[in-house]
Amino acid sequence: MSTDANASPDAVMEAGSGPNRLSRRDALKSMAVFAAVPMLQKSGVNSSPAVTSRVTVQPRSAWVSGALADPGGLPVESAVKVLLVHHSDSPNTYGPEAVPGILRGFHHYHTGPVKNWPDIAYNFFVDRFGGVWEGRFGSLREPVAGSATGGNQGHSQLICLIGNHATEPPAPAALTSLTGLLADLVQRFGLSRVPEATTTFVSRGSNRWAAGTTVTTRSIEGHRAMSMTSCPGDAAFALLPRVRAGVRAATRLG
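Quick note on this note's numbering: the sequence shown kicks off at 225 and runs consecutively.
Shown next as structure tokens:
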């Protein structure tokens, strides 16, 4: 089992500059990507899906209830440098109707005494049917900082595949939606579309990269590159080169 998750009491498992600098034309395209995303109300009452350029994201209000709507006081990343792919390390055998309850279970576990995080850990989730869900409050509006096993070194947005991908790869529909979501986020934050390109930042601290360490990584990477964990599972991690290539093809930019 990945160190990224453990069973909850309810048996629910947890889930620039230089070559990366954008031209003015590309920057304008980046700014336009999320222009179609409606601003969610602070109360969390808007339940309409948010349509980006490539995927439809179910807003947080599609799975939360009551006090889960707004945890308040969540920090926002000033500069996103890397998109990290996780898996929830939970069963792969679930139906589409079960996803909202699974997300509530993750929230219960993440904010409970074991993890004690301020909200559900990840900015976005992708289910095995290709559904995309807003996770941490406000992630559709702005780059809210997430939480992660081993610590979040910062400068990142976290995308979690719902399932266990230690040996079983993500379903084709999940990979398609993951690639589309990552392509939208790459443009949203002005990251390089080149699969081999790297980015550099100073870590704010994780169990792999101590605070103050200069980290160089790909713009799209697996959780294991930032923390001492097997996440997102060997089967998903092996597919990341294909996902990166798909992101470049989806954005049609070099």
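Each residue gets a CB set at the ideal place from its N, CA and C atoms; glycine is no exception.
Next item on the list: Can you have a look at P396 and say buried or exposed, based on whether 16 or more other CB atoms are within 10 angstroms of its CB?
Entry: With fewer than 16 Cβ atoms within 10 Å of its Cβ, P396 is classed as exposed.
Checklist line | As assigned by DSSP and simplified to three states, the class of S380 | finding: strand
Checklist line | Nearest residue (CA-CA) to I386, options R328, A434, G414 and L409 | finding: R328
Note to self: Going by beta-carbon coordinates alone, are R360 and V350 separated by less than 8 Å?
What the structure shows: no
Next item on the list: Going by DSSP, name the residue or residues bridged to T487.
Entry: Since the first residue shown for the chain is 225 and the last is 478, residue 487 is missing from the structure and cannot be characterised.
Note to self: Once the 5 residues before and after N347 are set aside, which same chain residues still bring their CB inside 7 Å of it?
What the structure shows: G359, R360, S363, V368, G370, Q381, L382 and I383
Check: Who pairs with Q282 in a beta bridge, going by DSSP?
Finding: W357
Check: Is it right to say T453 is buried, meaning 16 or more other beta carbons lie within 10 angstroms of its own, or is it exposed?
Finding: buried
Next item on the list: Indicate whether the contact test is met: 3 or more Cβ pairs, each with one atom in the segment 276 to 287 and one in the segment 324 to 341, closer than 8 Å.
Entry: yes
Next item on the list: Helix, strand or coil for V323, going by three-state DSSP, please let me know.
Entry: helix
Note to self: Could you compute how far the alpha carbon of A526 sits from the alpha carbon of R476?
What the structure shows: Residue 526 is absent from the model: the chain starts at 225 and stops at 478.
Margin query: I'd like to know whether the C-beta atoms of P465 and P419 end up nearer to each other than 8 Å.
Written below: yes
Next item on the list: Per DSSP, which residues does V350 bridge with? Please list them.
Entry: V356 and L385
Notebook entry, point to check: Given a threshold of 16 other Cβ atoms within 10 Å of its Cβ, counted over all protein chains shown, does A473 qualify as buried or as exposed?
Noted result: Burial call: exposed.
Margin query: Between S430, A459 and A435, which has its C-alpha nearest A449's C-alpha?
Written below: S430
Notebook entry, point to check: Do V281 and W357 have their CB atoms nearer than 8 Å?
Noted result: yes
Next item on the list: Please report how far the alpha carbon of V410 lies from the alpha carbon of A421, in whole angstroms.
Entry: Approximately 12 Å, taken between the alpha carbons.
Notebook entry, point to check: How long is the line joining the alpha carbons of L307 and G374, rounded to whole angstroms?
Noted result: Roughly 16 Å between the two C-alpha positions.
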